[in-house]
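Student: Take this structure, written in structure tokens, and hold onto it; I'll ask about it next.
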Amino acid sequence: MKNKTLGIVAFLGITGLCIGLSGCGKNADTVAGSSIPIEPGEHVMYGSYQGEPVEWRVLDKKDGEILLLSEYGLDILPFDDSGSGSIIWENSSIRNWLNNEFYNSTFSKEEQENILVSSSEGFDENNESVSWQSEKPYWHLERKTEDKVFLLSYTEMVEYLIINSGLEFYDHQYAYDELLCYPTEYAKQQLYQVFDIDTCGWWLCNPEYSECVENDDFKTYSEMITAYGQLDLAKMDSIQNAVRPAMWVTWQSDMETIEEE
Numbered sequence: 114m115k116n117k118t119l120g121i122v123a124f125l126g127i128t129g130l131c132i133g134l135s136g137c138g139k140n141a142d143t144v145a146g147s148s149i150p151i152e153p154g155e156h157v158m159y160g161s162y163q164g165e166p167v168e169w170r171v172l173d174k175k176d177g178e179i180l181l182l183s184e185y186g187l188d189i190l191p192f193d194d195s196g197s198g199s200i201i202w203e204n205s206s207i208r209n210w211l212n213n214e215f216y217n218s219t220f221s222k223e224e225q226e227n228i229l230v231s232s233s234e235g236f237d238e239n240n241e242s243v244s245w246q247s248e249k250p251y252w253h254l255e256r257k258t259e260d261k262v263f264l265l266s267y268t269e270m271v272e273y274l275i276i277n278s279g280l281e282f283y284d285h286q287y288a289y290d291e292l293l294c295y296p297t298e299y300a301k302q303q304l305y306q307v308f309d310i311d312t313c314g315w316w317l318c319n320p321e322y323s324e325c326v327e328n329d330d331f332k333t334y335s336e337m338i339t340a341y342g343q344l345d346l347a348k349m350d351s352i353q354n355a356v357r358p359a360m361w362v363t364w365q366s367d368m369e370t371i372e373e374e
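If you want this note's numbering, it's the 1-based position in the sequence shown plus 113.
This is the structure in structure tokens:
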């Protein structure tokens, strides 16, 4: 009986130690998904670009991880500057820039450790079929690559910025306030606005199906959101659109959150 009692005491002692360390084998600062004290729509500060702290909007959370989208347009860059004609996200210069120059200059080594490599199939229910005769191929292409930092696809934009904002339906023929983006002070200096407007256009992650397959006139165009909050196409080498990076990160209890006013 004595040996059994000692065994129970030892077990309880080890269990208590694990609880005190926030889980054996896990980072003590990492919080379980159900316990993350932040909700989609709230904001955090993470990293610094061109001397300005970067503000991020939380789009989703699951299993101790959060999906972030930069609240502002951080820079003005072309979708692709290779001059190679039709380019999809996988081969674009903007993807290379986000996962190398931007990633390394914006985040400290410690911050980089929390940024996750992710891929996405998007949301089929938010897509449109090219032909009425079959469900696929879809009109709006998805990212599907593995990235640390990326741009939202059309279907992700609809899911996270339209549907999750409480709107039941999205019609790309109309402009939406939910899609408006404002440039940072640095981005403003890089942007030439034709009209006197405070907002800016911003890139999504791909061209449309027809643009990369059939229509020679539009093969060098990619999807973007205009300064008025409407879906449109822009030439891939355009320097009139902002970059709004997105990424999945592991939630840390010491992340700086922004209180709502």
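Note that the Cβ used here is the ideal one computed from N, Cα and C, for glycine as well.
Quick one: what does DSSP say Val-171 is sitting in, helix, strand or coil?
Tutor: If DSSP states are grouped into helix, strand and coil, Val-171 belongs with the strands.
Student: Look at Leu-211 and Pro-358 and say whether their C-beta atoms are less than 7 Å apart.
Tutor: Yes, the pair counts as a contact, with Cβ atoms nearer than the cut-off.
Student: For Glu-298 and Thr-370, I'd like the C-alpha separation in whole angstroms.
Tutor: Distance between the alpha carbons of Glu-298 and Thr-370: 21 Å.
Student: Helix, strand or coil for Glu-336, going by three-state DSSP, please let me know.
Tutor: Of the three classes helix, strand and coil, the one that applies to Glu-336 here is strand, per DSSP.
Student: Does the Cβ-Cβ distance between Glu-234 and Glu-255 come in under 7 Å?
Tutor: Closer than 7 Å, so yes.
Student: Using a Cβ distance threshold of 8 Å, determine whether the stretch 277-287 contacts the stretch 219-232, with at least three qualifying pairs required.
Tutor: In short, these stretches do not touch, since the Cβ pair count stays below three.
Student: Bridge partners for His-156 per DSSP, in chain order?
Tutor: According to DSSP, which records beta bridges pairwise, His-156 is partnered with Arg-170, Ile-371.
Student: Measuring alpha carbon to alpha carbon, tell me which of Gln-302, Ser-206, Leu-274, Trp-316 ends up nearest Gln-163.
Tutor: Among Gln-302, Ser-206, Leu-274, Trp-316, the Cα nearest to that of Gln-163 is on Gln-302.
Student: Do Trp-315 and Ile-377 count as a contact pair if the criterion is CB distance below 7 Å?
Tutor: Residue 377 is absent from the model: the chain starts at 114 and stops at 374.
Student: Can you give me the Cβ contacts of Ile-200 inside the same chain, cut-off strictly under 7 Å, excluding the 5 residues immediately before and after it?
Tutor: Closer than 7 Å at Cβ, skipping near neighbours: Asp-193, Met-349.
Student: Using a 10 Å radius around the Cβ and a threshold of 16 neighbouring Cβ atoms, would you call Glu-269 buried or exposed?
Tutor: Classification for Glu-269: buried.
Student: Applying the 10 Å Cβ sphere with the 16-neighbour rule, what's the burial state of Asp-188?
Tutor: Classification for Asp-188: buried.
Student: Between the Cα of Leu-172 and the Cα atoms of Glu-372, Ile-275, Lys-261, which residue gives the shortest distance?
Tutor: Among Glu-372, Ile-275, Lys-261, the Cα nearest to that of Leu-172 belongs to Ile-275.
Student: Applying the 10 Å Cβ sphere with the 16-neighbour rule, what's the burial state of Lys-261?
Tutor: Buried, because 16 or more other Cβ atoms sit within 10 Å of the Cβ of Lys-261.
Student: Using only alpha-carbon positions, find the residue among Cys-294, Glu-281, Gly-196, Asp-309 that is nearest to Gly-342.
Tutor: The shortest Cα separation from Gly-342 among Cys-294, Glu-281, Gly-196, Asp-309 belongs to Cys-294.
Student: Taking Cβ positions, are Ser-183 and Ser-195 nearer each other than 7 Å?
Tutor: No; because the gap between Cβ atoms is not below 7 Å, this pair is not in contact.
Student: Spatial neighbours of Arg-208 within its chain, please: CB distance less than 6 Å, with the 5 preceding and 5 following residues excluded, ordered by chain position.
Tutor: Trp-202, listed in sequence order.
Student: Applying the criterion that 16 or more other CB atoms from any shown protein chain within 10 Å of the CB defines a buried residue, is Phe-282 buried or exposed?
Tutor: Label assigned to Phe-282: exposed.
Student: Kindly indicate which three-state DSSP category Ile-201 falls into: helix, strand or coil?
Tutor: Ile-201 falls in the coil class under three-state DSSP.
Student: DSSP beta-bridge partners for Lys-348?
Tutor: DSSP lists Tyr-334 as partners of Lys-348.
Student: CA-CA distance, Met-368 and Leu-346?
Tutor: Whole-angstrom Cα-Cα distance: 36 Å.
Student: Find the nearest neighbour of Thr-258 within the set Leu-190, Ser-231, Tyr-267, judged by alpha-carbon distance.
Tutor: Thr-258 has its Cα closest to that of Ser-231, out of Leu-190, Ser-231, Tyr-267.
Student: Going by C-alpha to C-alpha distance, which of Ala-340, Glu-372, Lys-174, Val-356 sits closest to Gly-186?
Tutor: Measuring from the Cα of Gly-186, the nearest candidate turns out to be Val-356.
Student: Thinking C-beta only, is Val-167 closer than 7 Å to Gly-177?
Tutor: Cβ distance not < 7 Å, so Gly-177 and Val-167 don't count as in contact.
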